[in-house]
Amino acid sequence: MILLTLLAAVTIAIIQQRELFGVVVLSGVYSFLMASVMIVLDAVDVAMTEASVGAGISTVLLLATLHLTKARESRRLQRPYIPLAVALITGAALVWGTQGMPKFGAANTPMHTHVAPRYLKDSLPVMGVPNVVTTVLANYRGFDTFGEVTVVLTAGLGVMILLRGRRKSKKKKPKGKDKNKAKGAKSKTSPAQTTTASRAEGA
Amino acid sequence: MQALQSLADNYNYFITIFLMVSGLYIVIARGNMIKKLIGLAMFQSSVYLLYLSPGKIVGGTAPVLDPAFTVYSNPLPHVLMLTAIVVGVATLALGLALTVRIYEAYGTVNEDQIFARDNKK
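Residue numbers (this note's numbering), protein chains in the order written: chain A, 1 to 203; chain B, 204 to 324.
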């Protein structure tokens, strides 16, 4: 509960902070808090992935982008009344929706009585792996994971294509040396991201 | 007293909703594209919380089978959220690459200035 409150506090700080470097650091803090909450919620595999991917790779990517662009958010001209209204209305609708949600931690809800018992009961004799999350990820829902790998591949290709055109246009200008170096660092993160993805599947 | 009890029971959902709404607010209200992408990531991680919260059983453990335990949390949301995290970072990487390209084309990543420049042309 305290962790969740801290998450909310970090969120408010992210909204108010205008120095983008601070925002990136705060989003790293946010990811680690989220990972801690996930451990409390018994989702250890997800927490591990969130800590490495959310707090690690995302922060590196954001910092690389900050290096390539301006690190200061300018103030907008109009007051943000319309977005605030949209957000508040959405929030009110969602709070209204929680009335139908099951009580936190209850064991007799449909999601615990439908397919999960079968995974928990059969996965060890049939598959022989004690970690049920791994079994479901790699065996029962293997096609999901395959689709995920396809998404990561497509995104990696997209990043490479977008940034490759950049190098060619920069070569004409002599000043782009420093930026090219940063770009090399960034494209190195793309394969790393793919390997982490496959590691996450193995986790 | 009863209101307090219902607040404690639904605290996870309320924080989830707060994070989701803040993410939405950042995406709509902030003009800076990097900040927008961070807002999008916040929205996504609130969805992780939304999925994982109902999967928890009070008194259960992580779904790693062991003879010493009988009650486990639901493994299915964990699997789905693993996939979602990886897809989320892929989205973030692509968005940031686009931001870098926009910065090169316009010299800024603020929406207002980009619109102003587009209108001038």
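For each residue, glycine too, the CB sits at the ideal point set by N, CA and C.
ask   = Which residues share a DSSP beta bridge with residue 264 of chain B?
value = B:275
ask   = Cβ of residue 105 of chain A less than 8 angstroms from any chain B Cβ?
value = Output row for residue 105 of chain A: interface = yes.
request  = Compute the minimum distance between the beta carbon of residue 318 of chain B and the heavy atoms of the ligand GDP, and state whether it is under 7 angstroms.
outcome  = Only the bare structure without any ligand can be found here, which leaves the ligand GDP out of the picture.
ask   = Quick one: is residue 271 of chain A near chain B, going by C-beta distance under 8 angstroms?
value = Residue numbering for chain A in the displayed model covers 1 to 203; residue 271 of chain A lies beyond these limits and cannot be assessed.
ask   = Which residue comes first and which comes last in the alpha helix (DSSP H) that contains residue 69 of chain A?
value = Element bounds for residue 69 of chain A: n/a, residue is neither H nor E.
ask   = Between residue 3 of chain A and residue 320 of chain B, what straight-line distance do the alpha-carbon atoms span, to the nearest angstrom?
value = 44 angstroms
inquiry  = Buried or exposed, going by whether 16 or more other CB atoms sit within 10 Å of the CB of residue 178 of chain A?
reply    = Because the pLDDT at residue 178 of chain A is just 38, under 50, the model does not fix this residue reliably, and the point stays unresolved.
message = Just checking: is the beta-carbon of residue 13 of chain A within a distance shorter than 8 angstroms of some beta-carbon in chain B?
response = Residue 13 of chain A does not count as touching chain B.
query = Hey, is residue 122 of chain A's beta-carbon within less than 8 angstroms of any beta-carbon in chain B?
reply = no
ask   = Which residues does DSSP pair with residue 313 of chain B in a beta bridge?
value = For residue 313 of chain B, the beta-bridge partners assigned by DSSP are B:235.
ask   = residue 258 of chain B and residue 111 of chain A look like a contact to me (Cβ under 8 angstroms); what is the Cβ gap, rounded to whole Å?
value = 7 angstroms
query = Quick one: what's residue 131 of chain A bridged to in DSSP?
reply = B:267
query = How is the alpha helix (DSSP H) around residue 138 of chain A delimited, first residue to last?
reply = No alpha helix (DSSP H) contains residue 138 of chain A, which DSSP labels as neither H nor E.
ask   = Going along chain A in order, which residues have a C-beta closer than 8 angstroms to the C-beta of residue 269 of chain B?
value = Ordered by position in chain A, the residues that pass the 8 angstroms Cβ test against residue 269 of chain B are 130.
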